[in-house]
Amino acid sequence: MSAKKTKIFSNPIFFGAIAAFLVVIAAPLFKMSPPQAYGICIVCHPKDFLYWIISNIDQIEPINSFIGIHAPLLTTFGIIAGSYVSSIQDKEFRLIKAENLFLMFIYGFVIAIIGLIILACPTRLVLRFAFGDPFALLGIFGLLIGIGLGVIIIKGKARN
Amino acid sequence: MILPVVGSLFIGLIFGYLGQKSRICFIGGFRDFLLVRDKMLLQGLIAFFATSWITIQFFSLLSIIFKDFSFLNLKIVSYPGLFESLKSRFGIITFAGGIFLGLLSTLAGGCPLRQHVLAGQGRTDSMTYLGGFYTGIVLYIFILEKLIGRWI
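So the protein lines, in turn, are chains A and B. Okay, so the first sequence: first residue is -4 according to our numbering, each after it adds one. Okay, so the second sequence: first residue is 451 according to our numbering, each after it adds one.
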């Protein structure tokens, strides 16, 4: 691959344009329609995948009309696989050992539950806001306040 | 029912591949801007929002003008106004949830999308994060949804 192409791929604006177009077109093209604005959600798609497994084991007809309950959505597995392919290609893949593993486990645990309660991960909040959802705007306001608090904590830690 | 499966896998692959190359993070955009005034990731976030908004408006315009394109009308559900949503319980919960989501994601070092990308790249702390993430989802489905679902 030429160096110019790789440079375009590593531009966040390019990512934003391609990803947003794909996510919006997912509803008419890939039939990922009910609920609205469901092209990407990092927390809801695995939840629906789990629901799909449960309904297949129990042989129950799902009550909900959500698309993820009728067909398995493999988005998060795709993200991990795509990132793995990209890192192998750039020779960036390496196992890095970290120390604060228990804290990271807790972070993931709490963030998943909060995301399921407000029906959005940060990515889907932006997508829902683009669809004109006022709840998503409230969520983004909250997100900004939260990030501000987090930045204050990080700065305080760096000072000590 | 094969279309949503293939489509979601394709979307995931594109998000993972380009996300690894561009280091995109939906938390990191604001965080980097507040910490070191770096606008790189924020540009990606704004591009994501702008492209999706323009695409939605373009599709709904097409579906209004041409009757053959009525399947392109993506806004099936209409939303309440901003002030009504502010007063409702779900609005308050979304606002409070957003604060915690932003705070904890900043401390964890990235939004859930970024953590998935880092896990695919071989970072063990992100893999542990994903362990907690999926444990949380399982716990929510089997226990919490029955408790919380009633009043949300």
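Each residue gets a CB set at the ideal place from its N, CA and C atoms; glycine is no exception. This structure is a prediction, so every number in the text was calculated from the model and none was measured.
* Asked: Whose Cβ in chain A lies nearer than 7 Å to the Cβ of isoleucine 477 of chain B?
  -> Pro117, Ile142
* 9 Å Cβ cutoff met for leucine 120 of chain A and glycine 548 of chain B -> yes
* Looking only at its own chain, which residues have a Cβ that is under 8 Å from the Cβ of glycine 466 of chain B, when we skip the five neighbours before and after it? -> His566, Val567, Gly570
* I think proline 454 of chain B touches alanine 66 of chain A, with their Cβ atoms under 8 Å apart; what is that distance to the nearest whole Å? -> 4 Å
* **Range of the contiguous alpha helix (DSSP H) that encloses aspartate 482 of chain B** => 478 to 486
* If you draw a straight line from the alpha carbon of phenylalanine 592 of chain B to that of alanine 153 of chain A, how long is it in whole angstroms? -> 40 Å
* Tell me, to the nearest whole angstrom, how far the beta carbon of alanine 22 of chain A is from that of threonine 574 of chain B; I am working on the premise that it is less than 8 Å. => The pair is not a contact, with the Cβ atoms about 36 Å apart (cut-off 8 Å).
* Which residues, taken in chain order from the region 49 to 82 of chain A, show a beta carbon closer than 7 Å to some beta carbon of chain B? -> Ile62, His65, Ala66, Pro67, Leu68, Leu69, Thr70, Thr71, Phe72, Gly73, Ile74, Ile75, Ala76, Gly77, Ser78, Tyr79, Val80, Ser81, Ser82
* So is arginine 487 of chain B in contact with chain A if we call contact Cβ pairs under 9 Å? -> no
* Asked: arginine 89 of chain A CB to nearest chain B CB: under 9 Å?
  -> yes
* Asked: For tyrosine 579 of chain B, which of A:Asp53, A:Ser5, A:Phe104, A:Ile147 has the nearest alpha-carbon?
  -> A:Phe104
* Under three-state DSSP, which class holds isoleucine 91 of chain A? -> strand
* Using the rule of at least 16 other Cβ atoms within 10 Å of the residue's Cβ for burial, across every protein chain shown, is serine 528 of chain B buried or exposed? -> exposed
* Would you say asparagine 6 of chain A reaches chain B, if we count a Cβ-Cβ gap shorter than 9 Å as a contact? -> yes
* With a Cβ-Cβ cutoff of 9 Å, do glycine 552 of chain B and glycine 63 of chain A count as a contact? -> no
* **Contact list for serine 510 of chain B against chain A, beta-carbon separation under 8 Å** => Near serine 510 of chain B there are no residues of chain A at all, since even the closest Cβ is about 10 Å away, more than 8 Å.
* When the Cα of glycine 560 of chain B is compared with those of A:Pro117, A:Ala76, A:Phe97, A:Leu96, which residue comes out closest? -> A:Pro117
* C-beta neighbour in chain A for lysine 596 of chain B, strict 9 Å -> no
* Asked: Given a threshold of 16 other Cβ atoms within 10 Å of its Cβ, counted over all protein chains shown, does threonine 1 of chain A qualify as buried or as exposed?
  -> exposed
* Asked: What number of angstroms, rounded off, separates the C-alpha of threonine 544 of chain B from the C-alpha of leucine 132 of chain A?
  -> 9 Å
* Counting only beta-carbon atoms, is aspartate 575 of chain B nearer than 9 Å to chain A? -> yes
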